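First to last, the protein sequences are chains A and B. Sequential numbering from 35 applies to the first sequence in the numbering used here. Sequential numbering from 10 applies to the second sequence in the numbering used here. Heads up: the structure comes next, in structure tokens.
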Amino acid sequence: MGLVGRNGAGKTTLFQTLVHQYIADGGVVQIDDQDTVQRPELRAQMVFIDGQNLFFGHYTLLRLADFYQQAYPQFNAARYADLLREYKLNGQRTFGELSKGYRALVCIFLALASGAPYVLLDEPFDGLDAIVREQIVKLVISEVAEHQTAFLIASHNLEELDGLADRVLFLKGGTITHDYKLEELRQQAVKLQLVFPVGQVPDIVQSAGKIIATQGRVLTVVFANYTPEVAAAVSAAQPVLQEELALDLVDLFKAEYIHPKNEEVLKNA
Amino acid sequence: MHKDELGKMLWLRHRWVYALLVVLALGSALYSTTTTIDNYHQSASYARSAATKHKNGKRGAFNDQKYRKIMKEQAVIFTTENAEGTSGTKAIPYNVQSSGAVTSYMMLILAATLGIALVSWDRLGKFERFLYASPFARRRIYWQRFGQGLGALLCATTAFYLLTFGALFTMVPAQYVNITVFGMLQIWVYNLVADSALYAAASWLALIFSNPLVTSVIGIIGFVLLDAFQGAVQIIFAAIKHPTWSRAIEFGGIALRSPGRYWLTGLLVMIIGAVVFAFWGAPIFARSSSENTSHILAFPPMKWPLIVIMAVLGSSYAFDYYDFRTSGILVGAIFRMVLVGLIIGFCMWGLLSFGSIRRRWISRRNAKLKLKA
């Protein structure tokens, strides 16, 4: 599952609240209908590791495992050691000595070895090169396939998330505004490039679609629910040009967060 | 989750702090003991030379009687002979106090530092975030850490006195270390309690202020003001001719300074203080959010009580250091102006703080209303 939102939307805050690092102003965090504050042992089922914001710096990679072993009863030390070996990481090196990419990898190794069925990853691809990103994607996919682990991944890297998540939550102003199931969405939604006669942007475009880009008279519009009725209405508006484009998560993100002013659209049209 | 898993986790994190604590305790014991033993040797040397008369440029005969007399007067390090002492106690004689072995200020500083270090290091070092996210209840984490630190402190204090007394008994002739086992136990117990009380108070302060520097400064100011407050109250009780309360409050204010007097009263006050601070710390830790990791108050509702305490202590500080009897009207007037200014200053600070608390509260309330809507 992906968690998408603009900077400051509250993605990291949500994660920190879920794991009880922050105290919620209201509401409860539940696992299987049980409050994790009342039953703190349930937090062993959820792991959130933000290496930049934890104490890791001066500890060796093996020592970090000792801490997690005490906190997570299901922690698999052998698996963690295997992962370190597989990626040629020396367990005696301190976390602070590692590059940003390897630090991110170690955090994921710890999360996977923790045995927690719910893993929260905050910007796991941030500032990483393509090879490390690919390695992380590979790890996540194999973990989901082999251990049925559920991931909640907050990321700005929507291309990467597009291939990983089957469900995406949109966070806006501290609230989940949309919960998209990507497969369903791909069946229902379309992205169209449209050109209408001068001075006209039909109502159907503004009511059923979201204009994510304008270039001269060319509008790029995302229709979240492109029903036959909507398609008929668009055709009835007699566009000069109508072309369907491939829809991805970035388009959904733009549709959610970018709203060109009507005047601007009309002027360009 | 088992308790020992949490204990192991905390031990992994803090064991070097504990090791350093014990090393520093032993180091300071060694230093103070070396000084005491050196004093003994100097006294012995002086007594020896005084007992040896110089006559016609030649060394005279050694006068053993005179030597013994001087040594008895000067070189006795611990004694129970002068039981009343100048402080008037039978429990711990004055000259034991003055030797520096009764209340080790170094141990007190170490105790306070340990309290601040454990809390601040975990918070600023972001270990606390890991603890909060771990499957342990916050109160359990608090008590486990507090208990482990206390255990380490008790070990360090015990090591301190074992080394102190051990070195004295082995390196100074027994007749000059004239203290009973009961006396040593009293000193040990007294210090265990004093160190624990300061450790609990420092932990409590660190939980509120987070930043170790701010905590230390506030702690020192608070300690000095508390001392002044005790002095001021003592003056009041002395003025109304109530010596019993005067003495009791003297000890309640700053028992650490005069352990020879009112031993049991002091012990009791410090135990109560330690318990209050320890139990008060638990809900503060349980309600702390990692959002507050800077130097600001981790627990905003504490601002007002702190302002009131500082205002009272500040006023009494000024009161304590002003001698009304010998000063003129002008000095009196200036003193009152300073006092009023101080109180107004605290109130202004309080109002400003209240403003920020109120703004934060309104912002949170609006956010909640928005969520409900």
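Cβ atoms here follow ideal geometry from the backbone N, Cα and C, with glycine treated the same way. Note that the structure is predicted; figures quoted are calculated from it, not measured.
- Contact of Y141(B) with chain A by beta-carbon distance below 8 Å involves V53, H54, Q55.
- By the CB criterion at 8 Å, S212(B) and M115(B) fall outside the cutoff.
- When beta bridges are read from the DSSP output, D156(A) appears opposite A188(A).
- About 5 Å separates the Cβ atoms of L52(A) and V63(A), confirming a contact at the 8 Å cut-off.
- One Cα belongs to L123(A), the other to P273(A), and the distance between them is close to 58 Å.
- For A105(A), the chain B residues whose C-beta falls within less than 7 Å of its own C-beta are M18, S143, P144, listed in chain order.
- For the 8 Å CB-CB criterion, N200(B) and T166(B) form a contact.
- Pairing L207(B) with L117(B) gives a Cβ-Cβ distance under 8 Å.
- For I142(A), the uninterrupted alpha helix (DSSP H) segment begins and ends at 134-147.
- Residue range 114-133 is occupied by the alpha helix (DSSP H) that includes V128(B).
- CA-to-CA, the gap between A184(A) and V178(A) works out to about 7 Å.
- Residues of chain A with a Cβ closer than 7 Å to the Cβ of R132(B) do not exist, since the nearest Cβ in that chain sits about 10 Å away.
- At a Cβ-Cβ threshold of 8 Å, A287(B) and A209(B) count as neighbours.
- Approximately 56 Å separates the beta-carbon atoms of A146(B) and P262(A); this is outside 8 Å, ruling out the contact.
- Contacts between Q50(A) and chain B, judged by CB atoms closer than 7 Å, involve S299 in chain order.
- Pairing S298(B) with L132(A), the inter-Cα distance amounts to about 29 Å.
- Proximity of chain B to G60(A) at the Cβ level (cut-off 8 Å) is accounted for by K377, L380, in chain order.
- Residues of chain B with a Cβ closer than 8 Å to the Cβ of F101(A) are, in chain order, M18, L21, R22, F139.
- Here the segment 229-239 of chain A makes no contact with the segment 280-291 of chain A; the two share fewer than three CB pairs at distances below 8 Å.
- Straight through space, the alpha carbons of K244(A) and A258(A) are spaced by roughly 8 Å.
- The three-state reading of DSSP puts Y260(A) in coil, since its state is none of H, G, I, E or B.
- Residue nearest to E194(A) within the set E180(A), G208(A), I165(A), T211(A) is I165(A) (criterion: CA-CA distance).
- Residue burial is scored here from C-beta neighbours: T122(B) has at least 16 other C-beta atoms within 10 angstroms and is therefore classed as buried.
- The C-beta separation of M180(B) from I46(B) comes to about 5 Å, placing the pair in contact by the 8 Å criterion.
- Annotated as distal: I210(A) and A199(A), with beta-carbon spacing of 8 Å or more.
- The contact set of E75(A) on chain B, defined by CB atoms closer than 9 Å, consists of M10, P144, F145, A146 in chain order.
- Listed in chain order, the non-local C-beta contacts of Y214(A) below 6 Å within the same chain comprise V202, local neighbours out to five positions each way being set aside.
- Within chain B, the residues whose beta carbon sits less than 8 Å from that of L88(A) are K135, F136, R138, F139, listed in sequence order.
- Within the DSSP bridge table, the entry for L195(A) names no partner.
- In this chain, D200(A) is not harboured by any beta strand (DSSP E), its DSSP state being neither H nor E.
- Secondary structure note for V38(A): it is in no alpha helix (DSSP H), and the uninterrupted beta strand (DSSP E) holding it is 36-39.
- Residue-level contact check: R77(B) does not touch chain A, since none of the beta carbons of chain A fall below 8 Å from its beta carbon.
- A contact between stretches requires three or more CB pairs, one per stretch, nearer than 8 Å, and the segment 155-174 of chain A meets this requirement with the segment 126-142 of chain A.
- Just measuring C-alpha positions, the residue of I238(A), L228(A), V256(A) sitting nearest G250(A) is L228(A).
- Remark: C-beta atoms of L76(A) and Q86(A) do not approach each other more closely than 8 Å.
- Using beta-carbon distances, R154(B) does not count as an interface residue toward chain A, since no partner is under 8 Å.
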